[in-house]
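Note that my numbering numbers the sequence shown so that position 55 is 145, with each residue one more than the last.
For glycine and all other residues, C-beta sits at the position ideal for the given N, C-alpha and C.
A short worksheet on the structure shown next.
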Amino acid sequence: MRVVLATLLIGLTLPVHALDLPLPATSEQTADILREADTIRLPSGPYEDGAMPRLRLEGDVHNRAWRLPNRGLSTLQVLSPLRDALDKSGWEVVFDCAAEECGGFDFRFNTPVLPAPAMFVDLFDYRYLLAERGIGATAEHAMLMISAAGGRGYVQATHVRPADHATALPSDAPDNTAAPPTPLVDTLRAQGHAVLSGLDFGSGAATLGPGPHDSLDALAEAMRVSPEMRIALVGHTDTVGTLDSNIALSQARAEAVRTRLIEDHGVAPERIEAHGIGFLSPRAPNRSEAGRNNNRRVEAVVIAGF
Numbered sequence: 091m092r093v094v095l096a097t098l099l100i101g102l103t104l105p106v107h108a109l110d111l112p113l114p115a116t117s118e119q120t121a122d123i124l125r126e127a128d129t130i131r132l133p134s135g136p137y138e139d140g141a142m143p144r145l146r147l148e149g150d151v152h153n154r155a156w157r158l159p160n161r162g163l164s165t166l167q168v169l170s171p172l173r174d175a176l177d178k179s180g181w182e183v184v185f186d187c188a189a190e191e192c193g194g195f196d197f198r199f200n201t202p203v204l205p206a207p208a209m210f211v212d213l214f215d216y217r218y219l220l221a222e223r224g225i226g227a228t229a230e231h232a233m234l235m236i237s238a239a240g241g242r243g244y245v246q247a248t249h250v251r252p253a254d255h256a257t258a259l260p261s262d263a264p265d266n267t268a269a270p271p272t273p274l275v276d277t278l279r280a281q282g283h284a285v286l287s288g289l290d291f292g293s294g295a296a297t298l299g300p301g302p303h304d305s306l307d308a309l310a311e312a313m314r315v316s317p318e319m320r321i322a323l324v325g326h327t328d329t330v331g332t333l334d335s336n337i338a339l340s341q342a343r344a345e346a347v348r349t350r351l352i353e354d355h356g357v358a359p360e361r362i363e364a365h366g367i368g369f370l371s372p373r374a375p376n377r378s379e380a381g382r383n384n385n386r387r388v389e390a391v392v393i394a395g396f
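Following this line, the structure appears as structure tokens:
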């Protein structure tokens with residue numbers, strides 16, 4: 091695997107088969123990561139009713155990201171010339187959407203977005219596009235994610251080019267990894283995300299109890315037998331307290347789960363991200379204690395490799 095993180099001027103010579111995009115010359119490249127013979131799942135439809143269609147792709151996965159100069163452009167204005175360039179190069183749009191119509195938070199955290207500071211995504215202002223060129227096992231796929239933060243635009247381009255023996259499979263196709271079948275593993279395979287049940291945090295606290303935690307055991311085993319698997323842990327809360335305090339609490343709980351997987355289960359730190367979203371993605375109304383209990387959770391979201 092070749093990994094390069096740099097700040098470069100756009101317009102430098104690109105690798106053979108790289109996705110060529112007409113970005114402003116003053117854009118700063120924040121990430122350039124090539125993973126050879128990898129597996130990735132790209133959304134092919136919106137997140138609705140707890141599920142989202144995705145393409146499971148295998149091949150060389152090239153992730154790049156840029157920070158754009160502040161010119162007051164909307165995310166649509168940034169996306170439009172990139173979409174036109176893809177069209178002129180023979181790409182066909184499979185699916186595109188904007189923030190809320192994509193599925194908001196749930197869509198974003200089920201999409202393989204590069205971590206900050208390489209890429210930032212405003213949950214209320216982003217554009218997504220999935221395109222395809224070619225047919226069958228030889229088809230290439232391209233994903234664009236456009237957003238803004240701090241007055242700067244951000245663009246991520248993911249280019250998936252099949253390796254010699256790679257295949258493009260529907261999201262429900264059987265996987266070749268040997269993770270033992272458990273309810274958690276089955277849900278991760280079917281939906282790309284799953285609630286980690288049985289985690290014992292004190293009320294309003296971020297300290298994870300000693301366990302045992304069957305859900306963490308199952309997740310760690312799945313990651314052990316799937317060495318390319320990468321996940322994001324996402325903390326959620328109920329609506330008691332302010333948004334800022336709940337985001338901080340949910341982030342701390344996700345970090346506590348990440349630490350437990352690293353220290354007790356030996357999962358490599360670079361394979362796990364941790365995020366907190368507070369009460370912005372409820373599973374149930376917060377009017378009752380049962381609903382609030384349902385909303386307080388940490389979810390595992392598959393980013394790649396599973």
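(request) Give every residue of the same chain whose Cβ lies closer than 6 angstroms to the Cβ of I236, excluding the five residues on either side of it in the sequence, and list them in chain order. (result) On the sequence shown, residue 236 is found 146 positions in, with the first residue counted as 1. So the list reads T165, V168, L169, R217, V245, once near-sequence residues are dropped.
(request) Within 10 angstroms of the Cβ of T297, are there 16 or more other Cβ atoms? Answer buried if so, exposed if not. (result) To locate residue 297, count along the sequence shown from 1; it is residue 207. Exposed is the call here.
(request) Report the option in T120, D110, A189 whose CA atom is closest to the CA atom of L204. (result) Here residue 204 corresponds to residue number 114 of the sequence shown, with the count starting at 1. The candidate whose alpha carbon is nearest that of L204 is T120.
(request) Could you say if the region 369-388 and the region 323-331 meet the contact criterion of at least three C-beta pairs nearer than 8 angstroms? (result) yes
(message) So H283 and E389 are supposed to be a Cβ contact under 8 angstroms. How far apart are they, rounded?
(response) Sequence index remark: in the sequence shown, residue 283 carries index 193 (1-based). Sequence index remark: in the sequence shown, residue 389 carries index 299 (1-based). Their Cβ separation, rounded to whole angstroms, is 5 angstroms, which keeps H283 and E389 in contact under 8 angstroms.
(message) Is the separation between the beta-carbon of M313 and that of V250 shorter than 9 angstroms?
(response) Taking the first residue of the sequence shown as position 1, residue 313 is located at position 223. Taking the first residue of the sequence shown as position 1, residue 250 is located at position 160. No, the pair does not count as a contact, with Cβ atoms beyond the cut-off.
(message) Could you tell me which whole beta strand (DSSP E) segments of length 3 or greater appear in the region 162-201?
(response) Those beta strand (DSSP E) runs which fall completely within the region 162-201 and span 3+ residues are 182-188.
(request) Count the other C-beta atoms from every protein chain shown that fall within 10 angstroms of the C-beta of V315, then say buried if there are 16 or more, exposed otherwise. (result) Within the sequence shown, numbered from 1, the residue matching residue 315 stands at position 225. It is exposed - the Cβ of V315 has fewer than 16 other Cβ atoms within 10 Å.
(message) Here's a check: name, in chain order, each residue in its chain whose Cβ is nearer than 6 angstroms to the Cβ of R387, leaving out the five neighbours to either side.
(response) Here residue 387 refers to the residue found at position 297 when the sequence shown is read from its first residue. Excluding residues up to 5 positions away in sequence, V285, H326 lie with their Cβ nearer than 6 angstroms to the Cβ of R387 in the same chain.
(message) Is A232 near the ligand SAM - that is, is its Cβ less than 8 angstroms away from at least one heavy atom of it?
(response) The ligand SAM is absent from the structure shown, which contains no ligand whatsoever.
(request) Just tell me which of G241, R242, R198, P159 has its CA closest to the CA of L234. (result) Here residue 234 is taken as the residue at index 144 of the sequence shown, counted from 1. The residue from G241, R242, R198, P159 with its alpha-carbon nearest to that of L234 is R198.
(message) In the DSSP assignment, the alpha helix (DSSP H) including E311 goes from what residue to what residue?
(response) Locating residue 311 in the sequence shown gives position 221, where the first residue counts as 1. Its alpha helix (DSSP H) spans residues 304-315.
(message) Please list the terminal residues of the continuous alpha helix (DSSP H) segment that includes I236.
(response) Here the question's residue 236 lines up with position 146 in the sequence shown. That residue, I236, is in no alpha helix (DSSP H); its beta strand (DSSP E) goes 230-239.
(message) Taking its Cβ as the centre, do 16 or more other Cβ atoms sit within 10 Å of R161, making it buried, or is it exposed?
(response) Within the sequence shown, residue 161 is the residue found at index 71, counting from 1. With fewer than 16 other Cβ atoms within 10 Å, it is exposed.
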